[in-house]
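Right, one structure below, let's go through it.
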Amino acid sequence: MCTKHQCHIVPQHILEALSKRGNNNCKRTLNDTRRILEKRNIVLNSLLQQTSISGKGDRLIYDSESSFQQRVTLARSEGDENSTDDIVNNAFETSGFVRDYFKNTFNLDSINGEGMDIISNVHYGTQYNNAYWDGDEMTYGDGDGVDFKDFASAIDVVAHELTHGITQFYANLEYQGQSGALNEHFSDVFATIIKQKYLNQTLEEADWLIGDQIVTESFPGVALRSMVAPGTANDFDSQPDHMTNYYAGLDDNQGVHINSGIPNKAFYLCCQTIGIDAGALIWFETLKLLWRTANFDDMLDVILTTTQTLIDSEKVPNSSLIAIIESFASVGITQKESV
Ligand SMILES: [Zn+2]
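Count along the sequence shown from 1, then add 354; that gives the number in this note's numbering.
Encoded structure:
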């Protein structure tokens, strides 16, 4: 059973911190969260009763026309000419790039593997400071121009949110505690991979930041998160980069956007040894094998088995197993002795 799940790119604790500093648009964005959550639960219950949502993986971009409604006016669909609205065109391009990456790299046919159409809504609300996946479609605000700007054009935001869709249809990691932190982790992993592909960057050129394109000059930081240095992206970034600083509190669904810093750092370290393409394959195959309540130890067990299988079939370098063990050990995640 899918449980309550808020897949917003800007975490609640960051919106709260900005609200306390006087940004009323962040407060209004927070107030909308409850309504979105209720819709998502209805969508998930409905999806669970369907055997298949097949399609051609077409992109459909709707314009919310500053209302808090989805699917208001169809602004561009597959095969259409460019729109006169740049944000419509950007959402079309970014969602297509993410779809094509998964198809060309893993032969994944859209988000659910069955060609589900990819629906996006742009210009949602007024001065709306977030973007989210709510079970069957994407929605993007324009940002208030104070702390945030145009969410639909940022490739890592689009990739992060669409990966929540893939996770929902495969591992369906429960959105709380360690399984929730893994859910966030996989979205950041494919966000950073796809961003590097989109920008045609090498490992060294990449900044490993998540959300750097959606923050303004006055935002107190450079991005929402950093995979190379978790905890350093902004004034409210409390991500640990090691299990010794694991967050055990109740905020943020028991730290889903906080503790994801730990496996994020492991992914960054691993890629320094085996490269991003081998990393992508190992993480994607692992995601397909995980389950709703999987925790960090389960992740390590599954990723080690997956890596060995991929080494045996000569799809990743022989050094991958050691790289995984050492990267996870560097952040304090090690295999437990069997009793
Ligand atoms: Zn997320």
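Every residue, glycine too, gets a C-beta built ideally from N, C-alpha and C.
Taking 6 Å as the cut-off, is the beta-carbon of residue i closer than that to any non-hydrogen atom of ligand 1?
| i | result |
| --- | --- |
| Gly624 | The sequence shown places Cys at residue 624, rather than the Gly named in the question. Because no heavy atom of ligand 1 lies under 6 Å away, the Cβ of Cys624 does not count as near it: no. |
| Glu491 | no |
| Cys361 | yes |
| Ser541 | yes |
| Glu538 | yes |
Assign residue i to one of three DSSP states: helix, strand, or coil.
| i | result |
| --- | --- |
| Phe451 | helix |
| Val582 | coil |
| Met696 | Within the shown structure, residues of the chain are numbered from 355 to 693, placing residue 696 beyond reach of any answer. |
| Arg382 | helix |
| Asp417 | strand |
| Ala485 | strand |
| His596 | coil |
| Gly519 | helix |
| Asn588 | strand |
| Ser431 | strand |
| Asn458 | helix |
| Thr493 | strand |
| Val656 | helix |
| Gly531 | helix |
| Gly575 | strand |
| Lys313 | No statement about residue 313 is possible, as the shown extent of the chain runs from 355 to 693 and does not include it. |
| Ala634 | helix |
| Ile626 | Note that residue 626 is Gln in the sequence shown here, rather than Ile. Correct three-state label for Gln626: helix. |
| His611 | coil |
| Val442 | helix |
| Ser681 | helix |
| Val728 | This structure leaves residue 728 out entirely; the chain is present only between 355 and 693. |
| Leu604 | coil |
| Ile676 | helix |
| Ser373 | helix |
Is it right to say residue i is buried, meaning 16 or more other beta carbons lie within 10 angstroms of its own, or is it exposed?
| i | result |
| --- | --- |
| Met355 | Low confidence applies here, because Met355 scores a pLDDT of 32, under 50, leaving its location unreliable and the question unanswered by this model. |
| Gln593 | buried |
| Asn618 | buried |
| Asp566 | buried |
| Ile676 | exposed |
| Ile678 | buried |
| Gln423 | exposed |
| Gln522 | buried |
| Gly534 | buried |
| Arg453 | buried |
| Trp645 | exposed |
| Arg425 | exposed |
| Glu571 | exposed |
Give the DSSP bridge partners of residue i, in chain order.
| i | result |
| --- | --- |
| Phe650 | None; Phe650 has no bridge partner. |
| Phe502 | Val569 |
| Leu563 | Ser580 |
| Asn554 | Paired residues: none, contrary to the question. |
| His338 | Any question about residue 338 goes unanswered here, given that the chain covers just 355 to 693. |
| Cys348 | Limits of the chain in this structure are 355 at one end and 693 at the other, which puts residue 348 out of reach. |
| Val476 | Asp417 |
CB of residue i to nearest heavy atom of ligand 2: below 6 Å?
| i | result |
| --- | --- |
| Glu435 | This structure lacks ligand 2; its bound ligands are ligand 1. |
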